[in-house]
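Each remark here refers to the structure printed beneath this line.
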Amino acid sequence: MGGKSEPTKSESMATKTTNPDLLNTSFFSFKSLKLKTKQQELLLRISILGLVYILAFIARLFSVLRYESMIHEFDPYFNYRTTLFLTEKGFYEFWNWFDSESWYPLGRIIGGTLYPGLMVTAALIYWTLRFLRFFVHIREVCVLTAPFFASNTTLVAYFFGKEIWDTGAGLVAAVLIAICPGYISRSVAGSYDNEAVAIFALLLTFYLFVKAVNTGSLAWALGSAFGYFYMVSAWGGYVFIINLVPLYVLVLLITGRYSMRLYIAYNCMYILGMLLAMQIRFVGFQHVQSGEHMGAMGVFLLMQVFYFLDWVKYQLNDTKLFQTFLRITVTSAILVGGIALGVGTASGYISPWTGRFYSLLDPTYAKDHIPIIASVSEHQPTAWSSFMFDYHILLFLFPAGLYFCFKRLTDATIFIVMYGLTSLYFAGVMVRLILVATPAVCLISAIAVSATVKNLTSLLRTKQKVSQTGSTKGAGSSKASSKVTLDQSQPFQKNGAIALLVGVFYLLSRYAIHCTWVTSEAYSSPSIVLAARGAHGNRIIFDDYREAYYWLRQNTPTDAKIMSWWDYGYQITAMGNRTVIVDNNTWNNTHIATVGRAMSSYEDEAYDIMRSLDVNYVLVVFGGVTGYSSDDINKFLWMVRIGGGVFPVIKEPDYLVNGEFRVDKGASPKMLNCLMYKLCYYRFGELTTEYGKPPGYDRARGVEIGNKDIKLEHLEEAYTTSNWIVRIYRVKPPTNRL
Amino acid sequence: MAARIGIFSVFVAVLLSISAFSSAQDLQIVNAERRIDLSSHIVKAFLTLKVENIGKDPAAEMLLAFPPTQIKNLAMVQALAITGKKKKKTYLPLDVKPTEQPDAPNDTGYYRVTFISPLGPGETVSLEVLYILTHSLEPFPVEITQSESQLVYYHDSAVILSPYHVKQQTTFIKTPSTRVESFTSIEPANRAGKEIKYGPYENRASYSYTPVIIHFENNSPFAVVEELVREIEISHWGSLQITENYRLTHGGARHKGVFSRVDYQSKRSVSGASSFNALLAVLPPRVNSVYYRDEIGNISTSHLRTGFRKSELEFEPRYPLFGGWSATFIIGYRVPLEDYLFEASDGRRYLNFTFGCPLVETIVNKLTIKVVLPEGSKDPSAVLPFTVNQELQVKYSYLDIVGRTVVVLQKDNVVPTHNVPFQVYYTFKPIYMLAEPFMLVSAFFLVFVASLAYVHIDLNIVRK
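Chains A and B, in that order, give the protein sequences.
Each residue of the first sequence is one higher than the one before, counting from 1 in full-length UniProt numbering.
Each residue of the second sequence is one higher than the one before, counting from 1 in full-length UniProt numbering.
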């Protein structure tokens, strides 16, 4: 909006200064200004974009300032570890990497089971910087990759907005997306995850595709295919693109918007995109065989039928004959397609939809069928509050934007509407998918803001011009003045417009404040280091995770195998440099269930399981001393559920009392004696955690524990961190049989 | 070059030893007193000798002998000559060099002390010798649990090993606590409090050796830095950046079995007595931008006290160190250049910095000091009061084209007494300082020129 209103404002000021006594000079300046208006506008636009670019970057640096330049959370540690491997050993080693440090004893073929886009991107940036003699550490590159790509996304958003609406909408979209919490949550410095580059790739692909549809140019379609390739290489969310784009094409076909431009854009993008995507080992032939990708292929074939029909129609010149032909062709095409799909599915050539795909379409699916997906907090259905938290005013602007889009229906606006509505549905199914919807919400809201502000300012400005200079401005103002004559019947029009403008700016400033607050308070914590406020308002740091991982790294044998719940797998391998049984990849449900079973069994049974897995150390996370609530006891029911899903000996009701999960005296006996309980609360009964409470008072759950006399037979305490958050136990070798 | 000097010095030493050996038996030690301090894991021995020339020729030097078990752990030998009496005592440092003897019994090692002026026949001289032994306390039992305290063996001889006849001698051994499990008794020997006294012994022949073993409690922190790499980067823009990479271990009795946090928290006095969790580093004054981190990020437990004479960094490793546990970490800091870089009279510049390890009471098994000179410096040379291995390397840092010359100084078995100044001389033209800013400026200039050109040049084939 700034780019639109600013130059015209200076222009009107220039017209105001036209007084008679300074006529000559002012005439000259007016003329030179008028010549420069376009350049001024360009300058303003570039400087706004430049500022937005920088803003998007620095808004994401809270975590670096608050804590330090470090990798956050869980998955980023895996990405960091693989990037480190890539930069040290080179691409071929990386591509063929078999990792024996995770999923012991199975191992994991890393090169074939990951999306390499992020790592390759970071490594390329790293190598470029080194080539330019900037000797940065790879960690710094990884930490800053996400903010860098967020900045790039704002540029893409600008061009996308420009493509679907106008420059003003583009600029507003760039500003909105730069600070939108929904996006910042996944792209703060240190959140080195696939999504960091994937959102950029997603938006770029969409933008280039819309551009290709608008222009019918092969070059843009090619660009979009490469954008798609980058997206496929970066994130599994590419499935969204390969389903949304065909859906969009289908909608255009149905609404009679089929054109040669569309044909070129889709065919080029699909064929090339498919060929490129198949180069990624993790995707490979899935792209032509799996159920999720069949829609795109179907639409591709449908397009050929359409083209053929178009040609026949042109050749026949006879509507009646064509109608019959149409009926026959369409029926046979659908029949052939259906048979092909049926045979393919039956013969197993086409794999059915995966559970993850089902769980996206049906929010209740995961809960019933795949506990491992349901157990992750970011896979929960989204609450209204988190929509409000992540979108703030965009939530209200979105419908307004939709209204504007429907008012000016083009191929491009249809696309953004479809993108917005589908992604918003998915955002409702899973919390983490708010991220995918964010660009669409920002773009549509930007349209609303831009269109509203533009209407209001043009109202204000034309009135002034009519009263002051009359019709000196040519076509633009004559159009506006005709509008004025139309609207003249409404009273207080100018005041109303001013009030509305003030309202808009108030809302936008609230949005900016909200975004900054959310970013600084909620989304900038690395979750490895926990910070709390002490009794005197001072900052207390709990660095127990790293303490434990570093202890493992330094003081255990290099071939030690660590058993922990899968959440900590990536961190243990990356920071502790030790072999883990399961990690966050979760590719083998049985293996995870085995660990879940060990954790929920009695010590004797668990010992046999651990012996069979060659486990040397067991690591548990316990928040009873600090009041840290996302610990293993609170996750324990999921271990039981996942373990019980594979091994029916584990039954969830055994751990509950009247359907209630308890750890105090009223807890079920199985709960009080299972391995997880013992490991978390071992010798906890001797500790006074809070003044005025009995010893063994669990601050995370607010109860006194039920079993204070815990004896361990096959395990011994190897290390407990200073705030007890991580406890590590050594598995003793079997005693000699006498 | 260093190697050549080494060969040369060995050659000279051999020559000297042949000449010296002829007069070896012409000296005798009239009175010797030895005080061995075992209170930390660095064993310090003070030797007070009264040497008399009983031969006919003047003697220019004398030999100090060490048993083979000690010679490999000997970190440093210093000798002072005492002149004057009582209050007017003055100490003059003497030249001490390791040497070899052709007929050394049982691999005895030698150090040669050169007197200030040759000792005439019948004259006596008083000497004070300080020698420092590392890794000489052997933990026994080798493994202890958290609740046990650490007991160690110390092996030595009740009489001083010497190539000379010793008329009278006494040895005092100071233990850190009164808890001494056992000690070999060589009459007359007795123990009082923290002190064990051997002697006085009269008229012991040369190369007398009476092994003794002392088994006592020592819970002082056995902080051993297995490897320390200190990188000192000189920037002529005004600062020295120092980065220190530590690999620290607890060199005492190995920790066995359980580590219990409850016991460690609540019964601190009896639990993990030999473990340590705090370290003190003495840094230069006016130090700034101090950081303390390891491979996985910052370590948040440290306090810095800056002062006029020195700064103190008190820090904790991520976890307390028990026997056999190790930790690696990095300490980095910056100091102003003017305190450490000077211009010599011949126009060369020199860095004057402290050798050794900033940590208090630690042994460094392998110390590497890398002095990174600014890009474009030439003819580096290092001046040190003791021999170290030297070599040159090249390092690439930000915006370097030809790379920076790195003077690498390497020494094994370093103790806090090695914290003495050393100098690195080099020549440098100040114009090189402008190379990097010039590169940056021209890069920006090129970017703007390119964008100007892009805006003004029309590359379209078709005229619009």
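Backbone N, C-alpha and C fix where the C-beta goes; we use that ideal spot for every residue, glycine too.
As the structure is a prediction and not an experimental result, all values here were calculated from the model.
Report the neighbours of residue i on chain B: residues whose CB is nearer than 7 Å to its CB, in chain order.
| i | result |
| --- | --- |
| PHE159(A) | Within chain B, no residue comes near PHE159(A); the closest Cβ sits about 18 Å away, beyond 7 Å. |
| TRP724(A) | ARG261 |
Find the nearest neighbour of residue i within the set the options, judged by alpha-carbon distance.
| i | options | result |
| --- | --- | --- |
| ARG730(A) | ASN616(A), LEU637(A) and VAL621(A) | ASN616(A) |
| LYS85(B) | PRO118(B), SER126(B) and ARG254(B) | SER126(B) |
| TRP566(A) | CYS268(A), PHE57(A), VAL376(A) and LEU433(A) | VAL376(A) |
| VAL232(A) | CYS268(A), LEU222(A), GLN279(A) and THR215(A) | GLN279(A) |
| GLY295(A) | SER332(A), LEU250(A) and LYS454(A) | LEU250(A) |
| PRO733(A) | ARG611(A), LYS211(A) and ILE199(A) | ARG611(A) |
| VAL726(A) | ILE633(A), PRO694(A), GLY298(A) and VAL141(A) | ILE633(A) |
| PRO358(B) | HIS215(B), LEU151(B) and ALA281(B) | ALA281(B) |
| ALA45(B) | SER136(B), GLU143(B) and PRO118(B) | SER136(B) |
| LEU80(B) | LEU341(B), ASP95(B) and VAL414(B) | ASP95(B) |
| ILE184(A) | MET274(A), SER102(A), TRP517(A) and ILE254(A) | TRP517(A) |
| SER722(A) | LYS370(B), ARG261(B) and GLY252(B) | ARG261(B) |
Rounding to the nearest angstrom, what Cα-Cα distance links residue i and residue j in this structure?
| i | j | result |
| --- | --- | --- |
| residue 746(A) | ILE296(B) | Because chain A spans 1 through 738 in this model, residue 746(A) falls outside it and cannot be assessed. |
| SER274(B) | THR83(B) | 42 Å |
| TRP95(A) | THR579(A) | 20 Å |
| ARG699(A) | ASP664(A) | 12 Å |
| residue 465(B) | PHE276(B) | Beyond the ends of chain B as shown, which are 1 and 464, falls residue 465(B); an answer cannot be given. |
| ILE528(A) | TYR545(A) | 6 Å |
| SER423(A) | THR413(A) | 15 Å |
| TYR719(A) | ARG60(A) | 36 Å |
| PHE282(A) | MET639(A) | 28 Å |
| TYR207(B) | THR558(A) | 47 Å |
| SER182(B) | VAL270(B) | 22 Å |
| LEU23(A) | LEU460(A) | Here LEU23(A) scores only 43 on pLDDT, less than 50, and its place in the model should not be relied on; the value that follows carries that caveat. So the two alpha carbons sit approximately 27 Å from each other. |
| TYR697(A) | SER326(B) | 34 Å |
| ASN658(A) | CYS680(A) | 23 Å |
| LEU421(A) | ALA451(A) | 20 Å |
| TYR207(A) | PHE159(A) | 8 Å |
| ASP107(B) | SER157(B) | 16 Å |
| LEU228(B) | PRO437(B) | 33 Å |
Please work out which residues of its chain come closer than 6 Å, Cβ to Cβ, to residue i, disregarding the five sequence neighbours upstream and downstream, and give them in chain order.
| i | result |
| --- | --- |
| PRO67(B) | LEU161 |
| THR735(A) | none |
| LEU394(A) | VAL441 and SER445 |
| LEU316(A) | PHE322 |
Less than 8 Å between C-beta atoms, sequence neighbours within five positions excluded: which residues of the same chain meet that for residue i?
| i | result |
| --- | --- |
| THR145(A) | LEU118, THR121, ALA122, ILE125, TYR192, ALA196 and VAL197 |
| ILE54(A) | SER151 |
| PRO105(A) | LEU613 and ASP614 |
| SER100(A) | GLY107 and THR579 |
So what does residue i bridge to, in DSSP terms?
| i | result |
| --- | --- |
| HIS293(A) | Answer is none; HIS293(A) lacks a bridge partner. |
| MET563(A) | VAL618(A) |
| GLU143(B) | ARG254(B) |
| GLY297(B) | ASP294(B) |
| THR720(A) | ARG727(A) |
| ASN190(B) | LYS197(B) |
| ASN31(B) | LYS50(B) and GLN168(B) |
| THR579(A) | LYS561(A) |
Give every residue of the same chain whose Cβ lies closer than 7 Å to the Cβ of residue i, excluding the five residues on either side of it in the sequence, and list them in chain order.
| i | result |
| --- | --- |
| PRO363(A) | PRO381 and VAL429 |
| LEU672(A) | GLY706 and ASN707 |
| ARG254(B) | VAL142, GLU143, GLY323 and GLY324 |
Residues of chain A with a CB under 8 Å from the CB of residue i: which are they?
| i | result |
| --- | --- |
| ASP294(B) | TYR550 |
| THR328(B) | GLN554 |
| GLY257(B) | GLU716 |
Please list, in chain order, the chain A residues whose beta carbon lies closer than 7 Å to that of residue i.
| i | result |
| --- | --- |
| ASP400(B) | ARG133 |
Using a cut-off of 9 Å between C-beta atoms, extract the partners of residue i located in chain B.
| i | result |
| --- | --- |
| ASP318(A) | Within chain B, no residue comes near ASP318(A); the closest Cβ sits about 41 Å away, beyond 9 Å. |
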